[in-house]
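Peer 1:
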Ligand SMILES: [Fe+2]
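In full-length UniProt numbering, the protein residues as written are 1 to 305.
As structure tokens, then:
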């Protein structure tokens, strides 16, 4: 074999190895890590000294399709942590028939005090697209031509509202949970320009034990308005923590205006605490997670020292 033949054989071997690594990586990301759920736990000193503690379960971005039995069973099992309050920051659906399985997944959690907002994926069904393009542009532009929702978001909302959960899509309210008096406000999803902060604007009641702001996309313009109005804790989802992350680097993109450093987890937004959920699911057309396990969070709110 001549020099050219040996070079060609080397290129062929390298391509075969690269192909095998790619297949193994995809299999890991779609079969293993995508179902490797984790419950993150944080203690947040956000309550007045002497206050009782409050345990909040933060759920987000289930993107549920009826066949995701492992995800459904995992969500249902979270009731064992006995949260005082459940907050769902949206993108619960990814299929026209997903409302009943999602309600089934919430199960006994629906008997607890709860709040919810919608994400764009509760209204609009997922579509096949090149997932790699998130690296250079936001999915926000995908919705420019979609104005008529095709998913049963009303039925989803009716199921949660019917169990007593507060609908915070451009609404504010008040609830008791864990013995605390909580002032709450939320906005619909800014990713599809349905947020109307002006409908909830105004100083959060300083007499409440806690002021909680809720939204799907952690868009800085809304985070800053909630902070300016005195909300102590802000909860959001949407980013999926980046969904496909790089070892030793982390999140590549946030798919909204928030910075990479706050794409998931606990951080500050001025005087407010901010928790961004990395989310429990993925679009069925991008069924992978890498270095970014699916998650929910248990937030133990405790008194400031
Ligand atoms: Fe999502």
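Note that CB positions come from ideal geometry on N, CA and C, so glycine has one too.
Because the structure is a prediction, the values reported are computed rather than measured.
#1: When you compare each of 147, 157, 162 and 203 to residue 172 by their alpha carbons, which one comes out closest?
#2: Which first and last residues belong to the alpha helix (DSSP H) in which residue 104 is found?
#3: Is any heavy atom of ligand 1 found at a distance shorter than 7 Å from the C-beta of residue 122?
#4: Helix, strand or coil, according to DSSP, for residue 247 in the structure here?
#5: Checking contacts by CB at 8 Å: is residue 40 closer than that to chain D?
#6: Taking just the CA atoms, how far does residue 190 sit from residue 105?
#7: From which residue to which residue does the alpha helix (DSSP H) around residue 155 run?
#8: Heavy atom of ligand 1 less than 7 Å from the Cβ of residue 240, yes or no?
#9: On a Cα-Cα basis, can you pick out the residue from 210, 224 and 216 that is closest to residue 187?
#10: Closest by CA to residue 343, which one among 6, 218 and 108?
#11: With respect to the alpha helix (DSSP H) encompassing residue 71, which residues constitute its N-terminal and C-terminal limits?
#12: For residue 64 and residue 94, which I take to be in contact (beta-carbon distance under 8 Å), what is that distance rounded to the nearest angstrom?
#13: Does at least one heavy atom of ligand 1 sit under 7 Å from the Cβ of residue 111?
#14: In three-state DSSP terms, what is residue 39?
#15: Have a look at 124, 138, 298 and 271 and flag the residue whose alpha-carbon is nearest the alpha-carbon of residue 228.
#16: Between which two residues does the beta strand (DSSP E) holding residue 87 run?
#17: What do you reckon, are the CB atoms on residue 288 and residue 89 nearer than 8 Å?
#18: Identify which residue in 282, 117 and 205 has its Cα closest to the Cα of residue 307.
#19: Contact defined as beta carbons within less than 8 Å: I believe residue 123 pairs with residue 151. What is the distance between those atoms, to the nearest angstrom?
#20: Since residue 13 is in the beta strand (DSSP E), which residue starts that stretch and which ends it?
#21: Buried or exposed for residue 91, please, with buried defined as at least 16 other CB atoms from any protein chain shown within 10 angstroms of its CB.
#22: How about the segment 172-185 and the segment 35-55: do they share at least three Cβ pairs that are nearer than 8 Å?
#23: Which residues are close to ligand 1, meaning CB closer than 5 Å to any heavy atom, in chain order?
#24: Look up residue 31 in the DSSP assignment and say whether it is helix, strand or coil.
#25: Leaving out five residues before and five after residue 40 in sequence, what residues of the same chain have Cβ atoms less than 6 Å from its Cβ?
#26: Can you give me the start and stop residues for the beta strand (DSSP E) that residue 303 sits inside?
#27: Tell me, please, which residues DSSP counts as bridged to residue 273.
#28: Using a Cβ-Cβ cutoff of less than 8 Å, which residues in the same chain neighbour residue 315 once the five nearest sequence positions on both sides are dropped?
#29: Residue 224 lies in the alpha helix (DSSP H); which residues open and close that run?
#30: Does DSSP put residue 110 in a helix, in a strand, or in coil?
#31: In whole angstroms, what is the alpha-carbon distance linking residue 142 and residue 72?
#32: Using only CA atoms, which one of 280, 248, 300 and 282 lies nearest to residue 273?
Peer 2: This is what the structure gives:
#1: It is 203 whose Cα lies nearest to the Cα of residue 172.
#2: 99-106
#3: no
#4: coil
#5: No chain D appears in this structure, which consists of one protein chain only.
#6: CA-CA distance, residue 105 to residue 190, rounds to 26 Å.
#7: Here the alpha helix (DSSP H) through residue 155 covers 153-162.
#8: At least one heavy atom of ligand 1 falls within 7 Å of the beta-carbon of residue 240.
#9: Of the candidates 210, 224 and 216, the one whose C-alpha sits nearest the C-alpha of residue 187 is 216.
#10: Absent from the model: residue 343. The displayed extent of the chain is 1 to 305, so no value can be given.
#11: 69-77
#12: 6 Å
#13: no
#14: strand
#15: 271
#16: 85-88
#17: no
#18: Beyond the ends of the chain as shown, which are 1 and 305, falls residue 307; an answer cannot be given.
#19: 6 Å
#20: Unbroken run through residue 13 is the alpha helix (DSSP H), 3-27; no beta strand (DSSP E).
#21: By the neighbour-count criterion, in which 16 or more other beta carbons inside 10 Å mark a residue as buried, residue 91 falls on the buried side.
#22: yes
#23: 61 and 91
#24: helix
#25: 295 and 297
#26: 295-303
#27: In the DSSP output, where bridge partners are listed per residue, residue 273 has 233 and 268.
#28: Outside the displayed span of the chain (1 to 305) sits residue 315, for which this structure offers no information.
#29: Its alpha helix (DSSP H) spans residues 220-228.
#30: Residue state for residue 110 is assigned as helix, using DSSP reduced to three classes.
#31: One C-alpha to the other measures close to 28 Å.
#32: 300
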